[in-house]
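Numbering that gives the first Met the number 0 numbers the first residue of the sequence shown as 0 and each following residue consecutively.
Yeah, the Cβ is synthetic: ideal placement off N, Cα and C, and Gly gets one too.
Computed from a prediction, not measured in an experiment: that's the story for all the values here.
Everything on this sheet refers to the single structure shown next.
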Amino acid sequence: MKFSPIPFSTLQPDSFLSTYTRGDASLEQLYSFYPFSSNTLKDLANRKIDSLQHSFSTSRAEIVHALKDYHQLLGIEQSQSTVRTKLLHDHSYCVVTGQQLSWYGGPLYTYFKLMSAIQWSKRISEELGKTIIPVFWLADEDHDYDEINQINWYQLSSDSGYSEQESILRQFYADVEQRLLKPQLGMPVSQIKGDSRLIKSEFFDWLSNHYLNEQASPQKTAKQSHTATPELSTQIRKNTWIESFLQESKQAYSEDKTHAQNFAQWITHVFEDHEFLVAGSNHLSIKKLLSPTIQKAVSNDHWITELLKNQTSNVIERTGQSQVTVMDSQWFMFNEEDKRVKLQRTTIDSYSFQQKDRSENLSLDQLQELIQVHPERFSPNVFLRPILQDHLLPVIAYVGGPAEIAYHGQMKKVYEFFTTEMPILIPRLSATIREKKVQRLMEKFPFSLADYQASPIALKNKWLSSLPEQLPEAKLDKLEHYIIQQYHIQAVDILSFDQSLDGSMGKAENEIRKAIQSLKKKAKKAYESKYAHELGQLHYLQTYLYPKGPMERVLHPNYFMLHYGKNFWQDLLGKLLAYETDSTQHYLIDL
Numbered sequence: 000m001k002f003s004p005i006p007f008s009t010l011q012p013d014s015f016l017s018t019y020t021r022g023d024a025s026l027e028q029l030y031s032f033y034p035f036s037s038n039t040l041k042d043l044a045n046r047k048i049d050s051l052q053h054s055f056s057t058s059r060a061e062i063v064h065a066l067k068d069y070h071q072l073l074g075i076e077q078s079q080s081t082v083r084t085k086l087l088h089d090h091s092y093c094v095v096t097g098q099q100l101s102w103y104g105g106p107l108y109t110y111f112k113l114m115s116a117i118q119w120s121k122r123i124s125e126e127l128g129k130t131i132i133p134v135f136w137l138a139d140e141d142h143d144y145d146e147i148n149q150i151n152w153y154q155l156s157s158d159s160g161y162s163e164q165e166s167i168l169r170q171f172y173a174d175v176e177q178r179l180l181k182p183q184l185g186m187p188v189s190q191i192k193g194d195s196r197l198i199k200s201e202f203f204d205w206l207s208n209h210y211l212n213e214q215a216s217p218q219k220t221a222k223q224s225h226t227a228t229p230e231l232s233t234q235i236r237k238n239t240w241i242e243s244f245l246q247e248s249k250q251a252y253s254e255d256k257t258h259a260q261n262f263a264q265w266i267t268h269v270f271e272d273h274e275f276l277v278a279g280s281n282h283l284s285i286k287k288l289l290s291p292t293i294q295k296a297v298s299n300d301h302w303i304t305e306l307l308k309n310q311t312s313n314v315i316e317r318t319g320q321s322q323v324t325v326m327d328s329q330w331f332m333f334n335e336e337d338k339r340v341k342l343q344r345t346t347i348d349s350y351s352f353q354q355k356d357r358s359e360n361l362s363l364d365q366l367q368e369l370i371q372v373h374p375e376r377f378s379p380n381v382f383l384r385p386i387l388q389d390h391l392l393p394v395i396a397y398v399g400g401p402a403e404i405a406y407h408g409q410m411k412k413v414y415e416f417f418t419t420e421m422p423i424l425i426p427r428l429s430a431t432i433r434e435k436k437v438q439r440l441m442e443k444f445p446f447s448l449a450d451y452q453a454s455p456i457a458l459k460n461k462w463l464s465s466l467p468e469q470l471p472e473a474k475l476d477k478l479e480h481y482i483i484q485q486y487h488i489q490a491v492d493i494l495s496f497d498q499s500l501d502g503s504m505g506k507a508e509n510e511i512r513k514a515i516q517s518l519k520k521k522a523k524k525a526y527e528s529k530y531a532h533e534l535g536q537l538h539y540l541q542t543y544l545y546p547k548g549p550m551e552r553v554l555h556p557n558y559f560m561l562h563y564g565k566n567f568w569q570d571l572l573g574k575l576l577a578y579e580t581d582s583t584q585h586y587l588i589d590l
């Protein structure tokens with residue numbers, strides 16, 4: 000594997016991420032520890048630890064006990080035992096990342112986040128000589144099923160089979176209208192179960208047909224050739240690991256387990272050689288431990304909302320936009336059907352939320368009493384989740400994507416309200432993975448990765464305009480001008496003979512113009528057909544590198560496990576741990 004850096008300032012010059020990673024002074028008032036870079040890491044980490052020693056007061060023994068209960072529910076208690084115990088050490092701290100519970104951990108950036116957390120934990124530990132624990136926080140309270148319900152895969156294409164119109168992206172979804180799933184929609188995705196067969200059947204049948212049935216049978220080929228060629232041996236080995244991967248993946252997402260259980264067991268399996276802690280908040284033991292924080296947050300919801308609005312105005316003034324719209328309440332409730340519904344503030348001291356067939360009204364005093372008895376019924380929104388996270392764990396840094404770092408900038412005053420400081424905010428690994436075929440094809444075209452962000456038509460025209468042999472558009476325009484000019488000259492004489500022909504002459508001119516336009520279109524089509532193969536390759540590259548957005552935001556990570564073996568991600572992480580990535584760079588990872 001080879002890592003080639005590309006500055007964000009080149010790839011996304013006007014993006015928030017580019018502004019953040021270059022340490023622009025306009026963002027300084029939005030974050031507690033800024034600017035972040037490899038050069039400032041040690042100083043920022045020491046300052047955050049000093050802050051935590053004064054502000055973090057949750058009992059570490061109680062944290063470990065609550066997490067043990069949580070891990071037992073997820074079915075990962077034994078594998079998490081060693082790393083969980085490290086939290087008992089007074090001088091252990093956490094680098095946290097997290098993501099929603101998409102099928103098998105997709106898309107790519109989910110794995111990039113975890114690998115980044117492990118990588119930065121190692122670097123901070125080496126800098127400070129302290130125990131730094133990487134943490135993957137399950138977004139186990141989110142209830143938006145659509146956001147997790149997608150697997151995106153590349154369809155195979157032969158070198159001669161590229162089409163300018165064909166997309167290489169294949170998408171799979173579970174049918175949300177199915178009777179099995181529909182009643183569960185609105186519950187936290189983490190609690191939904193039984194829906195895996197709604198996506199597994201189509202997905203794995205397609206994979207089997209695409210990777211095994213469409214290839215020549217190794218046994219049949221061997222009988223025909225009577226000799227085992229090196230190519231055949233390679234194909235047999237590849238088919239063997241594909242079959243093994245398919246079988247393992249089918250078994251991994253069980254219908255009798257929840258999404259949280261399946262996700263946690265899968266991701267700890269994929270990275271089984273690397274130690275990290277799995278955490279979350281949708282569990283009774285954890286909510287009980289966090290109930291004082293929940294009590295304070297709900298009791299002061301009106302004031303916290305005003306702080307968010309005030310800080311968001313500050314963000315908009317400095318950046319021109321905000322990442323998340325601030326609503327009038329920052330909390331959800333789990334109702335009697337276990338559906339996650341918005342807790343609406345009707346006045347400063349009264350709230351309501353939706354039950355199955357009615358609206359339930361509660362005073363602030365009633366809410367406070369409910370928190371004491373059933374803290375598990377309260378669910379934070381995007382702004383309060385980090386607050387709960389940072390009260391459960393001694394968080395030194397958070398590894399996030401551009402959107403997460405952006406909305407943390409809206410939260411500084413909320414952290415101050417809870418008398419704590421924000422964590423160091425570290426951009427996750429940003430990368431595009433190139434297989435050898437893609438590397439070879441990209442060498443044929445004079446474009447950088449940034450160029451492939453253009454529209455398909457713009458990219459095609461840019462390449463055609465770079466060719467030595469050009470479509471003679473100027474000559475065709477000159478021909479059109481000459482023909483119309485001559486027509487007008489002759490028309491004068493004809494109309495002087497009979498003015499009643501004026502309408503017919505106009506129609507004839509329109510037909511001439513249409514004929515010339517048709518000629519131009521045919522000439523352009525003939526010109527482009529001459530380069531149809533190259534244009535197909537260019538289209539393939541663009542849909543590979545940017546399949547409905549950057550690859551890291553679309554493609555499923557299992558694609559590379561199937562093609563390169565089940566240890567692909569562990570091997571890549573091993574390379575990353577030996578390679579000091581720069582947070583100001585996007586990386587081309589060449590296989």
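Query	Result
Suppose the cutoff is 6 Å on Cβ atoms and the five residues either side in sequence are ignored; what does the same chain contact list for residue 351 look like?	343, 345, 358 and 360
Please classify residue 553 as buried or exposed, where buried requires at least 16 neighbouring CB atoms within 10 angstroms.	buried
Looking at residue 537: is its Cβ nearer than 8 Å to the Cβ of residue 459?	yes
With distance defined between alpha-carbon atoms, name the residue in 181, 125, 135 and 319 nearest to residue 145.	181
In whole angstroms, what is the alpha-carbon distance linking residue 168 and residue 20?	31 Å
How big is the Cα-Cα spacing for residue 117 and residue 132?	8 Å
Considering only the alpha carbon of each residue, which of 143, 165, 200 and 266 lies closest to residue 186?	143
Per DSSP, residue 380 forms a beta bridge with which residues?	Per DSSP, none; premise fails for residue 380.
Please say whether residue 100 and residue 258 have beta carbons closer to each other than 8 Å?	yes
Is there contact between the region 55–73 and the region 284–302, where contact requires at least three CB pairs shorter than 8 Å?	yes
Closer than 8 Å is the cut-off here; do at least three beta carbon pairs connect the region 69–83 with the region 368–384?	no
Note down, one range per segment and in chain order, each alpha helix (DSSP H) of at least 4 residues found wholly within the region 126–207.	196–207
For the ligand ADP, any of its heavy atoms closer than 7 Å to the Cβ of residue 41?	Of the ligands one can find in the structure shown there are none, so the ligand ADP has no counterpart to examine.
Please give the ranges of any beta strand (DSSP E) in the region 54–99, keeping only runs that are unbroken, at least 3 residues long and fully inside the region.	91–98
What runs of the alpha helix (DSSP H), each 4 residues or longer, lie entirely inside the region 550–577?	557–563 and 567–577
In three-state terms, what does DSSP make of residue 342?	coil
Less than 8 Å between the CB atoms is what I'm expecting for residue 151 and residue 546, so what's the real figure, rounded?	7 Å
Which residues in the same chain as residue 586 place their Cβ atom closer than 8 Å to its Cβ, once the five residues preceding and following it in sequence are excluded?	2, 3, 4, 5, 428, 429, 430, 431 and 580
At 3 residues or longer, and completely inside the region 365–448: list those beta strand (DSSP E) runs for me, N to C.	377–379, 394–399, 423–426 and 430–433
In or out: residue 481 buried (at least 16 other Cβ within 10 Å) or exposed?	exposed
Please report the distance separating the alpha-carbon of residue 571 from that of residue 114.	9 Å
Sort 52, 183, 524 and 198 by Cα distance to residue 192 and report the nearest one.	183
State the Cα-Cα distance for the pair residue 57 and residue 277, rounded to the nearest angstrom.	18 Å
Cα separation between residue 448 and residue 27?	31 Å
Note down the Cα distance separating residue 292 from residue 387, rounded to an integer number of angstroms.	7 Å
Apart from the five residues just before and just after residue 284, which ones in its own chain have a Cβ nearer than 6 Å to its Cβ?	65 and 68
Please state whether DSSP places residue 583 in a helix, a strand or coil.	coil
Short of 6 Å in beta carbon distance, which residues of its chain neighbour residue 76, apart from the five on each side in sequence? Order them along the chain.	70
How would you label residue 335, buried or exposed, when you count the other beta carbons within 10 angstroms and need 16 or more for buried?	exposed
Starting from the N-terminal side, write out each stretch of the alpha helix (DSSP H) that is 4 residues or longer and does not extend beyond the region 289–352.	290–298 and 300–318
Between which two residues does the alpha helix (DSSP H) containing residue 271 stretch?	Segment: none, residue 271 is in no alpha helix (DSSP H) and carries neither H nor E.
With residue 209 and residue 154 assumed to form a contact (beta carbons below 8 Å), what rounded beta-carbon distance in angstroms separates them?	7 Å
Assuming residue 35 and residue 395 are in contact, meaning their beta carbons sit under 8 Å apart, how far apart are those beta carbons, in whole angstroms?	Not quite, the Cβ-Cβ distance comes to about 12 Å (not below 8 Å), so this is no contact.
Please decide whether residue 202 counts as near chain C, where near means a Cβ-Cβ distance under 8 Å.	Considering every chain present, this structure includes no chain C. It has just one protein chain.
By Cβ distance below 6 Å, which residues in the same chain neighbour residue 194 in space, the five residues on each side in sequence not counted?	173 and 180
For the region 294–305 against the region 377–386, do three or more pairs of beta-carbon atoms, one drawn from each stretch, fall closer than 8 Å, so that the two count as touching?	yes
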